[in-house]
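Asks: Input: one structure, supplied below.
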């Protein structure tokens, strides 16, 4: 599995030499290095509306556009897209194939153990993609368990872990490499549903009129009695706390001015998805 692709190019060679990723001091030196180069390499997974390549070949979506705005405030004006399978984003970041994960990645305690997260810029509920008419009467994870349904998830996604944690057997967790193949899997009957954020599903179905599919009501997954918030932020390598601190400062100013909402509204986000949750709350499981 490739850790990353340069948009418009071929797969990165598996034996390629990564850049030095040493933190280089208290809080890391990534911000200084990015300012010196003027370019930030942004890892994304081609999932609408969070990060994708548009018809003109440009990297766009919720996370890339927020990221571009913050980085410009920090003195960095050039952006190099790096495509990766979602499950390869954290390994690719740690290997130095890109500087930041700009994919709307959910902030979870498990991921916080591997990388540094900024505060989230959105909080979105989940939903199930279903065959039209919802023949199995599915509504949430509990219903998937009760109806012995097959649930589609993306490889490396939090939904994959949620399904296992609530008791869906491995044989009924159907793992797809990306959003498009997951939708095709439900259409073809390989899975009874696909779990993503409602935002992702609405955006994806907008590209597929007449798909014969529908989106169920939103819900907040509950795993082991704890609500699982779909709050996403930007990921940096461990030790790069200085750039996270500066990123959070600029992100807070953009939230206060309404710039975050104005930036993401074209991708289907609304005031309902805006959040004051912090990475610390999400990393420590104290979001409530």
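Numbering (the working numbering), first residue to last: 320 to 607.
The beta-carbon is built from N, C-alpha and C at its ideal position, and this holds for glycine as well.
Small disclaimer: the values here were computed from a predicted structure and weren't measured.
1. What ranges does the beta strand (DSSP E) occupy inside the stretch 466-499, keeping only unbroken runs of at least 3 residues that lie completely in it?
2. At the level of alpha carbons, what is the spacing between residue 407 and residue 572?
3. Thinking C-beta only, is residue 438 closer than 8 Å to residue 608?
4. Got a sec? Which residues, its chain only, sit under 8 Å from residue 435 by beta carbon, not counting five neighbours each side?
5. Suppose you measure from the CA of residue 343 to the CA of residue 590; what does that come to, to the nearest Å?
6. Would you call the CB atoms of residue 428 and residue 551 closer than 8 Å?
7. Terminal residues of the continuous alpha helix (DSSP H) containing residue 354?
8. Do residue 570 and residue 359 have their C-beta atoms within less than 8 Å of each other?
9. Flag this pair as yes or no: are the beta carbons of residue 393 and residue 449 separated by less than 8 Å?
10. Assess, as a yes-or-no matter, whether the stretch 465-479 is touched by the stretch 521-538 under the definition of 3 or more beta carbon pairs within less than 8 Å.
11. What span of residues does the alpha helix (DSSP H) with residue 518 cover, start to end?
12. By a C-beta neighbour count over all protein chains shown, 10 Å radius and 16 as the cutoff for buried, is residue 599 buried or exposed?
13. Can we say the stretch 478-491 touches the stretch 411-423, given the rule of at least three CB pairs closer than 8 Å?
14. Give me the Cα-Cα distance between residue 341 and residue 347, rounded to the nearest whole angstrom.
15. Near residue 381, which residues of its chain fall below 6 Å by C-beta distance, leaving aside the five closest residues on each side in sequence?
16. Within the same chain, show all residues whose beta-carbon is closer than 8 Å to that of residue 493, passing over the 5 residues directly before and after it, in chain order.
17. With DSSP collapsed to three states, give me the class of residue 370.
18. How many Å lie between residue 372 and residue 379 at the Cα?
19. Buried or exposed for residue 543, please, with buried defined as at least 16 other CB atoms from any protein chain shown within 10 angstroms of its CB.
20. Closer than 7 Å by C-beta to residue 455: which residues in its own chain qualify, once you throw out the five before and the five after it? Chain order, please.
21. In the DSSP assignment, what residue or residues form a beta bridge with residue 397?
Replies: Let me spell this out:
1. Entirely contained in the stretch 466-499, the beta strand (DSSP E) runs reaching 3 residues are, in chain order, 470-473 and 492-495.
2. Along the chain shown, one-based indexing puts residue 407 at 88. Along the chain shown, one-based indexing puts residue 572 at 253. A straight-line Cα-Cα distance of about 31 Å links residue 407 and residue 572.
3. Here the chain comprises residues numbered 320 to 607, so residue 608 is not present and cannot be evaluated.
4. Within the chain shown, the letter at position 116 stands for residue 435. Spatial neighbours of residue 435 in its own chain (CB-CB distance under 8 Å, excluding positions within 5 residues in sequence) are listed in chain order as 554, 555, 556, 557, 558, 559, 560 and 563.
5. Position 24 of the chain shown holds residue 343. Position 271 of the chain shown holds residue 590. Interpretation of residue 343 is limited by its pLDDT of 48, a score under 50 that renders its predicted location unreliable; no figure is taken from the coordinates.
6. Residue 428 sits at position 109 when you count from the first residue of the chain shown. Residue 551 sits at position 232 when you count from the first residue of the chain shown. No, they are not a contact pair.
7. Counting from one through the chain shown, the residue named residue 354 turns up at place 35. For residue 354, the enclosing alpha helix (DSSP H) begins and ends at 349-356.
8. Looking up residue 570 in the chain shown gives position 251. Looking up residue 359 in the chain shown gives position 40. It is not a contact, given that the beta carbons lie outside the stated cut-off.
9. As a first step, residue 393 must be located in the chain shown, where it is residue number 74. As a first step, residue 449 must be located in the chain shown, where it is residue number 130. The Cβ atoms of residue 393 and residue 449 lie no closer than 8 Å to each other.
10. Touching, no.
11. As a working note, residue 518 is residue 199 in the chain shown. The continuous alpha helix (DSSP H) containing residue 518 extends over residues 517-525.
12. Taking the chain shown and counting its residues from 1, the one referred to as residue 599 is at position 280. It counts as exposed.
13. Under the Cβ criterion (8 Å, minimum of three pairs), the stretch 478-491 does not count as touching the stretch 411-423.
14. Within the chain shown, residue 341 is the residue found at index 22, counting from 1. Within the chain shown, residue 347 is the residue found at index 28, counting from 1. Any reading at residue 341 is ruled out, since the residue's pLDDT is 45, under 50, leaving its predicted position unreliable.
15. Sequence index remark: in the chain shown, residue 381 carries index 62 (1-based). Taken in chain order, the residues that qualify are 368, 369, 423, 583 and 586.
16. As a working mapping, residue 493 is identified with position 174 in the chain shown. These residues qualify, in order along the chain: 469, 470, 471, 472, 504, 509 and 510.
17. Sequence index remark: in the chain shown, residue 370 carries index 51 (1-based). In the structure shown, the three-state DSSP call for residue 370 is strand.
18. Position 53 of the chain shown, counting from 1, holds the residue named residue 372. Position 60 of the chain shown, counting from 1, holds the residue named residue 379. Each residue's alpha carbon lies about 6 Å from the other.
19. Stepping through the chain shown from its first residue, residue 543 is reached at position 224. Burial call: exposed.
20. Taking the first residue of the chain shown as position 1, residue 455 is located at position 136. Result list for residue 455: 466, 468 and 511, in chain order.
21. Along the chain shown, read from residue 1 onward, the residue named residue 397 stands at position 78. Its beta-bridge partners are 358.
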